[in-house]
Amino acid sequence: MKKFILFILLFFCFQANAASKYEFYGEIKSTNIIDENNKKNKYDLISLNKPENIYIYSEDESFHNVNKIQLNYMGNKLKIKYDKPAIVYCKNVYSADSMYHFTDVLCIVDKIKYK
């Protein structure tokens, strides 16, 4: 019985930590960048209210003083309101690993709440 109670406590502690692990406050912006082939790329990002240190668990990597995070909607049909205070909840975050990643940290968006 003690093992079961310990398991339940650890499970809920992990769930509480996981639920708030990737939650960012700021404004969603649409921006452009010109790549090395002189091609214009449009992408969305969240401009954070204040710089944050972000630890990516799956990559065991830390980023310090992050103020912008590129958003990856993964085909989700979300209503995007630009330049409005928002909370972006990420399913996951990962570091830039291709020429289409324009910030150090990227977010796979789960949901967005506007204030």
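Under the working numbering, residue 118 is the last one in the sequence shown; the count climbs by one each step, no gaps.
The beta-carbon is built from N, C-alpha and C at its ideal position, and this holds for glycine as well.
State buried or exposed for Y25, treating a residue as buried only when at least 16 other CB atoms are found within 10 Å of its CB. Buried, because 16 or more other Cβ atoms sit within 10 Å of the Cβ of Y25.
Spatial neighbours of K32 within its chain, please: CB distance less than 6 angstroms, with the 5 preceding and 5 following residues excluded, ordered by chain position. L48 and S50
With a cut-off of 8 angstroms, do at least 3 Cβ pairs link the region 34-47 to the region 60-69? no
Is F105 helix, strand or coil when you go by DSSP? coil
K32 lies in the beta strand (DSSP E); which residues open and close that run? E26 to I37
So what's D86 in DSSP terms, helix, strand or just coil? Note: D86 maps to coil in three-state DSSP.
Member of E55, N95 and D86 whose CA lies at the smallest distance from the CA of M77: N95
Quick one, are the C-beta atoms of K80 and Y117 less than 7 angstroms apart? For K80 and Y117, no; Cβs fall outside 7 angstroms.
Write down the C-beta distance between E55 and Y97 rounded to the nearest angstrom, noting that I regard them as a contact closer than 8 angstroms. Rounded, the Cβ-Cβ distance is 16 angstroms, inconsistent with contact.
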